[in-house]
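Numbers 234 to 694, taken from the numbering used here, label the letters of the sequence shown in order. Before any comments, here is the structure.
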Amino acid sequence: MDQSIKKKKKGSYVKLESSLKSFKKRKPKKNQTAVTAATPPKKDADPSNASNRSYRRRRKRIEVTTEFTQDALTAFKKFVADYSAQGINGLRRQYADIKLTQPKDTRQQAFDANFEKCRYRDIPCWDKNRIVLKWPTGITEDFIHANRVKCQNLDIDVICTQAPRDNTIGDFWRMVWQEKIFMLCQENEGGKPKCSHYYPTAIGQEMVHFGLTIICKKIETDPDFVITELSISDYEGNKMTVMHRQWTTWPDREVPKSPMNPFKLLQHIRKPTFSPIIHCSAGVGRTGTLIAIEIIYRTLNKGNVPDVKAIVLDVRNQRSHAVQTETQYLYLVYSIFQFCASKHIVPSETIAEYCSEYHKFVKLVAQMEAQQPGVAVVLPIPAFAPTPVPSTPAQGTPSPVQPPPAQNALTPVQGTPVSPSPAAPSPIGTPPPPSPNAACPTTQPESEAPNQGNNEFSRDN
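See below:
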């Protein structure tokens, strides 16, 4: 070293040299690798070191800026700010308005003519956008309880359908021949059958329906999902591969415990090459919730702030009773909030109040339902500020109906067997008019329909 430099920095140089000598002699602690370098390692040099939290925080901040555009980040932040200000009560008022809004063009002739193929009598399949089965040619029966949903900012069409019944498994595979499947329910939930066994669940097992041979090729599992690779071939030797993804931990009548699972599942449908098939039991509650989350996410990702109420109304206008419960509606916002926090778009403190209110509300509903098995809980709605009806509503947007005063109500659970009633039966699949004493009316039991093959009503499906 140059003597002049050494003289100028003599004190600091000697001090540094002394510290390096002591560092070399230091014995490594237990489970720590000995360091032989002449200089101490940089604190954040190894990202795999669990103690390097600052490194991981910087990496996450970098990932946010590269994964989303600036417009998208701004939209996410504004969404969180807007819906945090509304809170649980504001969203509950919105959902009360949604429940009282009548969709347009609810003709259901095919549903009424094929009632034996329908799982629930109060979940109609509307004619305007139902899936018409055209394969194979020469078969006149073209009905399946499924609707094609198209929404703005959703780059692909999504097919919402009920879980197959024993007499519709063949029809289901006719539809699947050119589509993909997401399954959001288990075959039995709460001791009740929710879905027929319609696909092979063991490697090498095969099933045959309508000339289609379905073979299980591969199964992958994790705590929340079961992914099954299915090979399908027809009688002419044509083949295709279908990925069947089942979310096993989304319970009936409840919301998922994890807010991030929807995003794990939905990433697989972000390819505009096919129309995925999504089903739960009725194909409206859990199915509609998943679709609404995807629409909200895609809208935000394009730099626009979505109107959650308008999105749900649009989906319900195409699939009856989509997003079927109040807690599912609250879960839409909760899942997006948690997504933003996980991506460090907003600090977790920003969403803390909403999340706390959400958990308290979900817990309260669960406790009340546990005390009254077979009864759907309808909690009183906070002071209602009715949505003004525009003089010229946008085409295709249902007009809201003025709600009645809020009351405490316990209504029979949808999905329980129908008891005979002396009252005149309502038209099959047509929900009865709202009760004047219910703040958020649910479908009431009807008298026994002429068709005795299916006497169940839906609930949170």
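Backbone N, C-alpha and C fix where the C-beta goes; we use that ideal spot for every residue, glycine too.
* Would you be able to state if there are at least three C-beta pairs under 8 Å between the region 521 to 532 and the region 499 to 506? => Yes, since at least three Cβ pairs between the region 499 to 506 and the region 521 to 532 fall closer than 8 Å, the two stretches touch.
* Distance between residue 438 and residue 543 (C-alpha atoms, nearest Å) -> For the purposes of this step, residue 543 is identified with residue 310 of the sequence shown, where counting begins at 1. For the purposes of this step, residue 438 is identified with residue 205 of the sequence shown, where counting begins at 1. Their Cα atoms are separated by approximately 44 Å.
* Contact between the region 579 to 590 and the region 537 to 555 (3+ Cβ pairs under 8 Å) -> No, they do not touch.
* Would you mind working out which of 319, 462, 491 and 388 sits nearest residue 447, comparing C-alpha positions? => As a working mapping, residue 447 is identified with position 214 in the sequence shown. Ranking the options by Cα distance to residue 447, first place goes to 462.
* Tell me, please, which residues DSSP counts as bridged to residue 445. => Residue mapping note: residue 445 aligns to position 212 of the sequence shown, counting from 1. The partner list for residue 445 (beta bridge, DSSP) reads 442.
* Sequence-distant residues of the same chain with beta carbon closer than 8 Å to residue 392, five excluded per side -> Indexing the sequence shown from 1 puts residue 392 at position 159. Around residue 392: 364, 379, 380, 381, 382, 408, 412, 508, 509, 510 and 511.
* Sequence-distant residues of the same chain with beta carbon closer than 7 Å to residue 368, five excluded per side -> Reading the sequence shown from its first residue, position 135 is the one you call residue 368. Same-chain partners within the cutoff: 407 and 410.
* What alpha helix (DSSP H) runs, 4 residues minimum, are completely inside the region 470 to 514? -> List check, alpha helix (DSSP H) in window: 494 to 499.
* So does the region 425 to 444 actually touch the region 393 to 403, counting three or more Cβ pairs closer than 8 Å? -> Because the criterion of three Cβ pairs below 8 Å is met, the region 425 to 444 and the region 393 to 403 touch.
* So, is residue 427 buried or exposed, given that buried needs 16 or more other C-beta atoms within 10 angstroms? -> Here residue 427 refers to the residue found at position 194 of the sequence shown. Under this definition residue 427 is a buried residue.
* residue 376 versus residue 347: straight-line alpha-carbon distance, rounded -> Counted from its first residue, the sequence shown places residue 376 at position 143. Counted from its first residue, the sequence shown places residue 347 at position 114. Using only the alpha carbons, I get a separation of about 7 Å.
* Can you tell me which of 576, 603, 565 and 554 puts its alpha carbon nearest to the alpha carbon of residue 334? => Taking the sequence shown and counting its residues from 1, the one referred to as residue 334 is at position 101. If we check each option's Cα against that of residue 334, 554 comes out closest.
* To do: Specify the secondary structure class of residue 737 as computed by DSSP and reduced to three states.
  => This structure cannot settle anything about residue 737, because the visible part of the chain is limited to 234 through 694.
* **Nearest-angstrom Cα separation, counted from residue 488 out to residue 472** => Translated into positions along the sequence shown, residue 472 becomes position 239. Translated into positions along the sequence shown, residue 488 becomes position 255. Using only the alpha carbons, I get a separation of about 37 Å.
* Asked: For residue 562, is the classification buried or exposed, using 16 other Cβ atoms within 10 angstroms of its Cβ as the cut-off for buried?
  -> Mapped onto the sequence shown, residue 562 falls at position 329. Within 10 angstroms of the beta-carbon of residue 562 lie 16 or more other beta-carbons, which makes it buried.
* To do: Mind reading off the beta-carbon distance from residue 515 to residue 353? Whole number of angstroms is fine, and I expect it under 8 Å.
  => The sequence position of residue 515 within the sequence shown is 282, counting from 1. The sequence position of residue 353 within the sequence shown is 120, counting from 1. 5 Å between Cβ atoms; contact.
* Going by the CB atoms, is the gap between residue 612 and residue 559 shorter than 9 Å? -> Taking the sequence shown and counting its residues from 1, one reaches residue 559 at position 326. Taking the sequence shown and counting its residues from 1, one reaches residue 612 at position 379. A contact, by the Cβ cut-off of 9 Å.
* To do: Rounded to whole angstroms, what's the CA-CA distance from residue 330 to residue 614? Just pull it up for me.
  => On the sequence shown, position 97 is the one that residue 330 refers to. On the sequence shown, position 381 is the one that residue 614 refers to. Cα atoms of residue 330 and residue 614: separation of roughly 11 Å, rounded to the nearest angstrom.
* Asked: Taking C-beta to C-beta, are residue 452 and residue 436 nearer than 9 Å?
  -> Indexing the sequence shown from 1 puts residue 452 at position 219. Indexing the sequence shown from 1 puts residue 436 at position 203. The answer is yes: Cβ separation under 9 Å.
* Smallest Cα separation from residue 518: which of 541, 491, 599 and 557? -> For this step, residue 518 is matched to residue 285 along the sequence shown. Checked all of 541, 491, 599 and 557; the closest Cα to residue 518 is 557.
* For residue 457, which residues from the same chain have a beta carbon less than 6 Å from its beta carbon, with the 5 sequence-adjacent residues on both sides left out? -> Translated into the one-based positions of the sequence shown, residue 457 becomes position 224. Excluding residues up to 5 positions away in sequence, 482 and 494 lie with their Cβ nearer than 6 Å to the Cβ of residue 457 in the same chain.
* Could you tell me the distance, in whole angstroms, from the CA atom of residue 300 to the CA atom of residue 310? => Within the sequence shown, the letter at position 67 stands for residue 300. Within the sequence shown, the letter at position 77 stands for residue 310. So the two alpha carbons sit approximately 15 Å from each other.
* Asked: So what does DSSP say about residue 389, is it helix, strand or coil?
  -> Position 156 of the sequence shown, counted from the first residue, corresponds to residue 389. Residue 389 falls in the coil class under three-state DSSP.
* CA-to-CA distance, residue 616 to residue 529, given in whole angstroms -> For the purposes of this step, residue 529 is identified with residue 296 of the sequence shown, where counting begins at 1. For the purposes of this step, residue 616 is identified with residue 383 of the sequence shown, where counting begins at 1. Their Cα atoms are separated by approximately 27 Å.
* Asked: According to the Cβ coordinates, are residue 533 and residue 539 closer than 9 Å?
  -> Numbered from its first residue, the sequence shown carries residue 533 at position 300. Numbered from its first residue, the sequence shown carries residue 539 at position 306. At a Cβ-Cβ threshold of 9 Å, residue 533 and residue 539 count as neighbours.
* To the nearest angstrom, report how far apart residue 567 and residue 504 are at their CA atoms. => Indexing the sequence shown from 1 puts residue 567 at position 334. Indexing the sequence shown from 1 puts residue 504 at position 271. Each residue's Cα considered, the two are about 25 Å apart.
* Hey, how far is the Cα of residue 356 from the Cα of residue 404? -> Along the sequence shown, one-based indexing puts residue 356 at 123. Along the sequence shown, one-based indexing puts residue 404 at 171. Rounded to the nearest angstrom, the two C-alpha atoms are 19 Å apart.
* Asked: Taking the continuous beta strand (DSSP E) assigned at residue 378, which residues delimit it?
  -> Residue numbering aside, residue 378 sits at position 145 when the sequence shown is read from its first letter. That run of the beta strand (DSSP E) goes 376 to 382.
* Asked: For residue 353, which three-state DSSP category applies?
  -> Along the sequence shown, read from residue 1 onward, the residue named residue 353 stands at position 120. DSSP places residue 353 in coil when its eight states are reduced to three.
* Asked: Buried or exposed: residue 302, going by 16 or more other Cβ atoms within 10 Å of its Cβ?
  -> Residue mapping note: residue 302 aligns to position 69 of the sequence shown, counting from 1. Exposed: under 16 other Cβ atoms inside 10 Å.
* To do: Just confirm the distance between the C-beta atoms of residue 321 and residue 594, as a whole number of angstroms; I'd bet it's less than 8 Å.
  => Translated into the one-based positions of the sequence shown, residue 321 becomes position 88. Translated into the one-based positions of the sequence shown, residue 594 becomes position 361. Approximately 6 Å separates the beta-carbon atoms of residue 321 and residue 594; this is inside 8 Å, confirming the contact.
* Beta-carbon gap between residue 386 and residue 535 smaller than 9 Å -> Numbered from 1 along the sequence shown, position 153 holds the residue referred to as residue 386. Numbered from 1 along the sequence shown, position 302 holds the residue referred to as residue 535. Going by C-beta atoms, residue 386 is nearer than 9 Å to residue 535.
* Asked: What did DSSP end up calling residue 553 once you bin it into helix, strand or coil?
  -> Start at 1 with the first residue of the sequence shown, and residue 553 comes out as number 320. Under the three-state reduction of DSSP, residue 553 is assigned to coil, being neither helix nor strand.
* To do: Can you say whether residue 425 is buried or exposed, counting buried as having 16 or more other CB atoms within 10 angstroms of its CB?
  => As a first step, residue 425 is located in the sequence shown; it is residue number 192 there, counting from the start. Residue 425 counts as exposed, since fewer than 16 other C-beta atoms from the protein chains shown sit within 10 angstroms of its C-beta.
* Can you name the residues that DSSP bridges to residue 535? -> Numbered from its first residue, the sequence shown carries residue 535 at position 302. Residue 535 is bridged by DSSP to nothing; it lacks a bridge partner.
* Asked: Can you tell which of 338, 601, 324 and 306 has its C-alpha closest to the C-alpha of residue 564?
  -> Within the sequence shown, the letter at position 331 stands for residue 564. If you compare the alpha carbons of 338, 601, 324 and 306 with that of residue 564, the shortest gap goes to 324.
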